[in-house]
Amino acid sequence: MKRCYLAVLLPLLLSVASASAPDQNPAEKSSPPPRMSTHTRMEMIRAFEANLVYIRTQFPMGKKGLTLKNGTLSPSGMDLQRLIVTWGPSVKPGDQASITSIAIKNDLIHFEINGGPVKKHKWYQNIEIDGANASITPSDANANPRGSYVDLVFDHYVPEMDASQLKSLLRPVFDFDSKSAVEAYLETVPPKVKEAIKNHQVLVGMNREMVIYSRGRAPKKIREKTGETEYEDWIYGEPPQDVDFVRFIGDEVTRVETMKVTGEKIVRVEKEVEINRPTVAAASPTAQPVHAPSLRRPGEDLPNAPPTSTSTSPVPPVPDGPPPIDPGSKSPDFMPSEIAQANLAR
Numbered sequence: 126m127k128r129c130y131l132a133v134l135l136p137l138l139l140s141v142a143s144a145s146a147p148d149q150n151p152a153e154k155s156s157p158p159p160r161m162s163t164h165t166r167m168e169m170i171r172a173f174e175a176n177l178v179y180i181r182t183q184f185p186m187g188k189k190g191l192t193l194k195n196g197t198l199s200p201s202g203m204d205l206q207r208l209i210v211t212w213g214p215s216v217k218p219g220d221q222a223s224i225t226s227i228a229i230k231n232d233l234i235h236f237e238i239n240g241g242p243v244k245k246h247k248w249y250q251n252i253e254i255d256g257a258n259a260s261i262t263p264s265d266a267n268a269n270p271r272g273s274y275v276d277l278v279f280d281h282y283v284p285e286m287d288a289s290q291l292k293s294l295l296r297p298v299f300d301f302d303s304k305s306a307v308e309a310y311l312e313t314v315p316p317k318v319k320e321a322i323k324n325h326q327v328l329v330g331m332n333r334e335m336v337i338y339s340r341g342r343a344p345k346k347i348r349e350k351t352g353e354t355e356y357e358d359w360i361y362g363e364p365p366q367d368v369d370f371v372r373f374i375g376d377e378v379t380r381v382e383t384m385k386v387t388g389e390k391i392v393r394v395e396k397e398v399e400i401n402r403p404t405v406a407a408a409s410p411t412a413q414p415v416h417a418p419s420l421r422r423p424g425e426d427l428p429n430a431p432p433t434s435t436s437t438s439p440v441p442p443v444p445d446g447p448p449p450i451d452p453g454s455k456s457p458d459f460m461p462s463e464i465a466q467a468n469l470a471r
């Protein structure tokens with residue numbers, strides 16, 4: 126009986142030991158991918174350059190673009206909004222853009238859209254053709270200083286990959302799959318806003334761009350002022366249909382009023398969706414430097430300014446008579462008149 130138990134337990138023990146044994150070559154599974162080859166670099170440039178994409182995030186104008194590493198964008202949040210407020214937006218979510226330049230460097234891939242942030246000049250743009258009546262300078266219509274860029278950064282070097290893998294890495298900024306601007310824009314808004322746009326509804330708290338995607342451009346607009354507050358009403362529809370009055374204060378919907386065909390009036394003023402909006406920090410007053418430049422002489426005060434010092438210097442006394450004559454000095458060749466002597470005596 127003992128031999129039978131041993132014959133049954135021995136294979137079980139061997140199988141458990143083999144399953145719990147560590148891998149013989151763990152380095153093979155964790156080996157890093159190779160560097161991107163020269164052939165793959167050329168294929169990537171051919172596949173992505175001059176490609177039309179839809180934008181999924183805001184790009185600022187100016188020389189500072191975006192950086193994408195491990196799926197995280199920087200700058201983002203308020204830092205990105207400050208750049209957009211300062212320099213203006215280059216492209217916004219839902220816009221179509223063109224990848225005009227790709228540069229693969231040591232640890233990043235540089236993508237420029239719409240010509241990049243700096244206007245580039247071709248060699249032939251420096252040539253002037255002088256004619257009989259005027260001179261002609263060639264211009265490049267594709268150069269656009271309103272472009273921007275994004276840097277796709279890797280840890281140590283650019284690894285080997287195919288086009289589909291690179292598209293998935295660029296998903297936070299570029300949309301290669303959408304067929305229209307609306308599809309691309311819907312992927313960048315909150316779910317509640319996305320559902321409202323699909324149903325052609327307007328929510329209090331939306332911005333102008335969301336309302337345009339939801340209802341289109343308003344055929345009628347009225348701008349009014351209540352006290353110190355200016356607002357604008359966008360009117361959608363005409364009787365005998367429902368008429369919607371969408372009120373904007375700045376870039377935000379603050380009131381939606383609907384006049385039904387039955388005469389019922391529905392007014393919504395409570396905020397239904399919260400949208401992050403760019404803000405400008407108030408400029409703090411700067412103190413005047415201690416040694417500010419001035420055209421005044423040292424010790425001189427402004428005409429209406431109080432005197433800088435309360436101490437008074439003694440005034441030298443005025444002699445009653447003429448100044449004394451030095452005996453050793455030579456007498457003048459002329460004698461002053463009586464009037465001059467009287468003036469001197471004063």
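Here the numbering used here is used: the first residue of the sequence shown is 126, the next is one more, and so on.
Virtual Cβ for every residue (Gly too), placed ideally from N, Cα, C.
Here K230 carries a coil assignment [DSSP, helix/strand/coil]. As summarised for the region 276-320, there are no continuous beta strand (DSSP E) elements at least 3 residues long confined to that stretch. Within the region 157-189, the runs of alpha helix (DSSP H) at least 4 residues long that lie entirely inside it are, in chain order, 163-173. If you ignore the 5 residues before and after L294, its C-beta comes within less than 7 angstroms of the C-beta of L277, all in its own chain and listed in chain order. Contact between K346 and D358 holds: CB atoms are separated by about 7 angstroms, below the 8 angstroms threshold.
Distance check between A306 and each of P159, R181, T165 and P157 places R181 closest, using alpha-carbon atoms only. Under DSSP, Q221 forms a beta bridge with Y179.
Beta bridge pairing from DSSP links S215 with no other residue. The three-state reading of DSSP puts S201 in coil, since its state is none of H, G, I, E or B. Residues V178, Y179, R181, A309 and E312 of the same chain have their beta carbon placed closer than 7 angstroms to that of D300, with the five preceding and five following residues left out of the count. Only residues of its own chain outside the window of five on either side were considered, and among them L328, E397 and V398 have a CB closer than 8 angstroms to the CB of K317, listed in chain order.
Taking E395 as the centre and dropping the five residues before and after it, the same chain places the C-beta of V329 closer than 7 angstroms to its C-beta, in chain order. By the Cβ test, the region 282-297 is not in contact with the region 210-228, since fewer than three Cβ pairs between them sit closer than 8 angstroms. L193 sits in a strand when the DSSP states are folded into three classes.
In this structure, M384 and V368 form a Cβ contact; the two beta carbons are roughly 5 angstroms apart against a cut-off of 8 angstroms.
Secondary structure of R422 (DSSP, three-state): coil. If you ignore the 5 residues before and after A222, its C-beta comes within less than 7 angstroms of the C-beta of V178, I180, V216, I238 and N239, all in its own chain and listed in chain order. Fewer than three beta-carbon pairs drawn from the region 197-212 and the region 160-175 are found closer than 8 angstroms, and the two stretches are therefore not classed as touching. When DSSP states are grouped into helix, strand and coil, E382 belongs to the strand group. Within the DSSP secondary-structure output, D358 pairs in a beta bridge with I347 and R372. When DSSP states are grouped into helix, strand and coil, I322 belongs to the helix group. For I337, the enclosing alpha helix (DSSP H) has its first and last residue at R333 to R340. Counting C-beta atoms within 10 angstroms of its own C-beta, M167 has fewer than 16 neighbours from the protein chains shown and is therefore classed as exposed. With a 10 Å radius around the Cβ and a threshold of 16 neighbouring Cβ atoms, I374 comes out exposed. Membership of R393 in the beta strand (DSSP E) is indicated by the continuous run K390 to R393.
Counting every other CB atom within 10 Å of its CB across the protein chains shown gives S162 a total below 16, marking it as exposed. Within the same chain, and ignoring the five residues on either side of P297 in sequence, the residues whose Cβ sits closer than 7 angstroms to its Cβ are R181, T182, L193, G196 and L198.
Using a Cβ distance threshold of 8 angstroms, G219 and Y274 do not count as a contacting pair.
According to the DSSP secondary-structure assignment, E377 is paired through a beta bridge with N332 and I374.
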